[in-house]
Each structure stands twice: as structure tokens, then as C-alpha cells.
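Novice: Structure in C-alpha cells, see below.
Protein chains: 2
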Amino acid sequence: TLKWVYDPDPKKAESFRKAYEATGVRVAEREEQVLDDPEVQLVAAACVTSERAALGIRVMKSGKDYFVDKAPLTTLEQLKAVKEAVRETGKKYMVSYSERLQSESAVYAGGLIQKGAIGKVIQVLGMGPHRLNAPSRPDWFFRKKYYGGILCDIGSHQIEQFLYYTGAGDATVVNSEIGNYNHPEYPELDDFGDATLVGDNGAMGY
Amino acid sequence: TLKWVYDPDPKKAESFRKAYEATGVRVAEREEQVLDDPEVQLVAAACVTSERAALGIRVMKSGKDYFVDKAPLTTLEQLKAVKEAVRETGKKYMVSYSERLQSESAVYAGGLIQKGAIGKVIQVLGMGPHRLNAPSRPDWFFRKKYYGGILCDIGSHQIEQFLYYTGAGDATVVNSEIGNYNHPEYPELDDFGDATLVGDNGAMGY
């Protein structure tokens, strides 16, 4: 059951409500209305990236699980705070890595690997070309403090796939680069980034 | 004009002579016969990789240009000696990087880049899968001292393409790995290898 929708922008909340009218979803006037409702078990969110951790911690502390759009956070400090809150509350901080979870080919690849169809995965090479679509993006997308840079915003898809497909529990970044080659009008945008990873099981990723 | 063929194995030399009979090519009994012939302007060779530099130096010192199969050498000492010989003799030490020079798609890609069809090349990602074909390969291919390891033998194709397509004059290897995952019967074989490069013009390659 979908119970509440909340957005600081009432127009967005209302258009969401209309789209899901059949579920009976209601617009909350304040975030607390959702967090204080004991019936709510899971909160799904997609706010500005740098604010996702703080919201997630509030959600978990209110006794609910959290499902958040990728990337789930932007700094190591946020990561540490989230881990502490997960330990404290016993609640879940789940991330929607759409390029693996909502892509048929990516799900199929995972199934093939689990069946052993290609043997042991020793390397994953992931590319994540994206259109800039500047006019349709909100301003925060072009401010590093909010979106976290290209390797956080986009590269984390490929990193998550590397971990999942190779079965690595953790990995070391042995090299990474970012660049803004062609967008001087957005000085805080990275239009290129890459990273070379070595997993704790020896697998390698680029 | 093709004048001489020489191989330590007379059977190989003879089968080459037969294949190119129409050119009037003759089998040389000793390497010196070729190097001492003032009519010869270019020597093309494909001996064991670790011996290519020494042969090339002999060729250039006899006043001829050298055209050698890739990889052109296996150690930095050989590279230094070759550079010295090139300076001394003024002769050419050319390398047949077949995966760029003899591949229609690779030549076409180079043409597109030169025409500016894709703008400035900021990244080149090259993969070089090869079949092992163990039975048809000579023993030296499985001894690192002779073939130089997978990044020398195969990876140098991708490295050469990176330099050519990006126009970089030189590059730094910021990370590289080799592994033998599945061929314990050939302990000196690398069946996986990769390298991350940054060019002197900022381009990056994997």
C-alpha cells in the first residue's frame, strides 16, 4: 500500500498523487507526518543526493526501512553515520541501482553468472554514457557538493555492478580520474570520469 | 623486390621460398648473406620476441632499415640499445602493429579521427581477446623471458592504438595487472592482463 507522498514542492507532490490516485495515496504536509505514522514500514526517497543519508537516518530512527535512489550518499562521513544508524536501529538502508535492478539485460547477466554459465568472473568492464540533458536537470546537479561528482553519481552504477557480478565484498580504487573537457559553462560538472578497481577476491574492474 | 629469405630452420626458409617463388626470392644460408648484401634496403623479421632488438641493431648497423613484427622488444635495456642504434645509424626501426595497420576497421577509425569526425579523443578502451591455441604455438611463447609477458605480447597492440588514436607522444602506466587464472600447465603464461594509462596530453587508456 502506498500511503503518503511528500515533497517540499507541493506541485510535485500533487502530480505524484494524481498519477497514483488509484492507490489512495495522500499528500503529507510535512515529512514528520510520514515518519510519525506507525503504519508506514518503508520510505522510498529520491531527494538531492547529499541529503539522502540524513533523511535515511531520520527514517531508520523512526523505525522504518529506507529505499533510496542511487547514489545513496556523497561523503565518507555520511557513510559512517549511515552504518552506525543501521547498527543502532536494525533497519535497512537499500539503494535502487536501476542500471542493474531495472535493466533486463543486467538481471539476465546476473542470472547467467549465478548459474555458472561463464565460469568465475575475473573482470568487469562497465561503461555509463549519459546524455547531459542540461535543460531538464535541476541546478543542484551541477554543484559538486550536492551531486557528489560523476564517479559518485554515475560511476557508482558500474562499481556496484562490479561488486555484484564478481562477488567481491569490497574493493580498492587503484586509479581514478575526472575531467571537465567540454562544459566550461558548468564548472563543477565532470563530463568524464573513470576508475580502476581491484576487488578483495582479486577481480578487477574498470 | 624480395631478394633473400633466411630462417635457422631450412624447412621454413624453403617453404617461404616456394610460396614466393614468383618473386625470385633465394634462401640465404647465413644471416650475414642478407646483411652484407649492399642491394638490400629493408629487412623484415619475426624472430623470437626477445631477440628482435639485437637483430634490428645488427640490421641497422649494416645500413638497412628494419621492419619487425610486434612486440618489437621485451626489455627497457633493449629499448635503450635500439634508440642508441637508431641515433647512430639514422636507420628506421619500424614495427608491424597488425591490429591497427592490417585491420580495416582500425584504419578506418584512424581516418575518422584525423577528419575530426568524433572530436578530440580523450579515452581509448582496447580489448585484445586471443585464443590460446597452445598446440600450434612454439615453446618460447610460454617462457616469459622470450615473449615478454601478456602486456608486452598482446597488450602492446592496445597501448600502440591508444597512443596513435589520442595523438599522445608518451604515456604513464598508472596501474597494471597480470594473472594466470586457468593455465597451471603453463606457469609462465599470463592469461589475463590489463593496464591503465594516462597520456602526456591527458588522454586516458585502459
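Chains as they are written, first to last, in the numbering used here: chain A, -3 to 202; chain B, -3 to 202. For each residue, glycine too, the CB sits at the ideal point set by N, CA and C.
Less than 8 Å between CB atoms is the rule here; does Asp186/A satisfy it with respect to chain B?
Specialist: Residue 186/A sits at position 190 when you count from the first residue of the first sequence. Cβ-Cβ to chain B under 8 Å: no for Asp186/A.
Novice: Taking 8 Å as the CB-CB limit, is Val44/A close to chain B?
Specialist: Here the question's residue 44/A lines up with position 48 in the first sequence. It does not: the Cβ of Val44/A has no partner Cβ on chain B nearer than 8 Å.
Novice: Of all the CB atoms in chain B, is at least one closer than 8 Å to the CB of Thr91/A?
Specialist: What you label residue 91/A is simply residue 95 of the first sequence in a count that begins at 1. Per the sequence shown, the amino acid found at residue 91/A is Val instead of Thr. So no, Val91/A is outside the interface.
Novice: Let's test the definition: count the other Cβ atoms within 10 Å of the Cβ of Arg26/A and tell me whether it reaches 16, buried, or not, exposed.
Specialist: As a working mapping, residue 26/A is identified with position 30 in the first sequence. Arg26/A is exposed by the Cβ-count criterion.
Novice: Is it buried or exposed for His153/B, if we count other Cβ within 10 angstroms and need 16 for buried?
Specialist: By 1-based counting over the second sequence, the position of residue 153/B is 157. The residue is buried, with at least 16 neighbouring Cβ atoms inside 10 Å.
Novice: Could you give the C-beta distance for Ala191/A and Leu121/A, rounded to a whole number, given that I count them as a contact under 8 Å?
Specialist: As a first step, residue 191/A is located in the first sequence; it is residue number 195 there, counting from the start. As a first step, residue 121/A is located in the first sequence; it is residue number 125 there, counting from the start. Wrong, their Cβ atoms sit about 12 Å apart, outside the cutoff.
Novice: Closest Cβ-Cβ distance between Thr192/A and chain B: below 8 Å?
Specialist: If you number the first sequence from 1, residue 192/A lands on position 196. By this cut-off, Thr192/A is an interface position.
Novice: Who are the neighbours of Met200/A on chain B, taking C-beta pairs under 7 Å?
Specialist: As a first step, residue 200/A is located in the first sequence; it is residue number 204 there, counting from the start. In chain order: Glu173, Asp190.
Novice: What does Tyr177/B touch in chain A if you count any residue whose Cβ is under 8 Å from its own?
Specialist: Stepping through the second sequence from its first residue, residue 177/B is reached at position 181. The answer, in chain order, is Lys116, Ile118.
Novice: Would Val103/A count as contacting chain E if we go by Cβ distances under 8 Å?
Specialist: Among the protein chains of the structure shown, namely A and B, there is no chain E.
Novice: For Thr55/B and chain A, any beta-carbon pair shorter than 8 Å?
Specialist: The count along the second sequence starts at 1 and reaches residue 55/B at position 59. It should be noted that the sequence gives Val, not Thr, for residue 55/B. So no, Val55/B is outside the interface.
Novice: Taking the beta strand (DSSP E) that Ile174/B falls in, what are its first and last residues?
Specialist: Translated into positions along the second sequence, residue 174/B becomes position 178. Residues 167 to 175.
Novice: Could you check where the beta strand (DSSP E) with Gly145/A kicks off and where it finishes?
Specialist: As a position in the first sequence, residue 145/A is number 149, starting the count at 1. Gly145/A -> no beta strand (DSSP E), and no H or E assigned at all.
Novice: Assuming Pro125/A and Val91/A form a contact by the criterion Cβ under 8 Å, report the distance between their Cβ atoms to the nearest whole angstrom.
Specialist: Here the question's residue 125/A lines up with position 129 in the first sequence. Here the question's residue 91/A lines up with position 95 in the first sequence. Not confirmed; about 21 Å, so no contact.
Novice: Tell me, please, which residues DSSP counts as bridged to Trp136/B.
Specialist: If you number the second sequence from 1, residue 136/B lands on position 140. None; Trp136/B has no bridge partner.
Novice: Going by alpha carbons, who is nearest to Val64/A out of Ala40/A, Pro180/A, Thr168/A?
Specialist: For the purposes of this step, residue 64/A is identified with residue 68 of the first sequence, where counting begins at 1. When each option's Cα is compared against that of Val64/A, the closest is Ala40/A.
Novice: Need the endpoints of the beta strand (DSSP E) that Val64/B sits in, please.
Specialist: Here residue 64/B corresponds to residue number 68 of the second sequence, with the count starting at 1. Start and end: 61 to 65.
Novice: Could you please give me the residues that DSSP links to Phe12/B through a beta bridge?
Specialist: Along the second sequence, one-based indexing puts residue 12/B at 16. Bridge partners of Phe12/B: none, in fact.
Novice: Hey, how far is the Cα of Gln98/B from the Cα of Tyr161/B?
Specialist: Locating residue 98/B in the second sequence gives position 102, counting from the first residue. Locating residue 161/B in the second sequence gives position 165, counting from the first residue. C-alpha separation (whole angstroms): 15 Å.
Novice: Under the three-state reduction of DSSP, which class applies to Val117/B: helix, strand or coil?
Specialist: Numbered from 1 along the second sequence, position 121 holds the residue referred to as residue 117/B. It is coil, neither helix nor strand.
Novice: Quick one: does Val30/A have its CB under 8 Å from some CB of chain B?
Specialist: Counted from its first residue, the first sequence places residue 30/A at position 34. So no, Val30/A is outside the interface.
Novice: Note down, in chain order, all residues in the segment 10 to 25 of chain A with a beta-carbon under 7 Å from any beta-carbon belonging to chain B.
Specialist: The segment 10 to 25 of chain A vs chain B, Cβ under 7 Å: nothing.
Novice: Does any residue of chain A bring its CB to less than 8 Å from the CB of Val36/B?
Specialist: Within the second sequence, numbered from 1, the residue matching residue 36/B stands at position 40. No, its Cβ sits nowhere closer than 8 Å to a Cβ of chain A.
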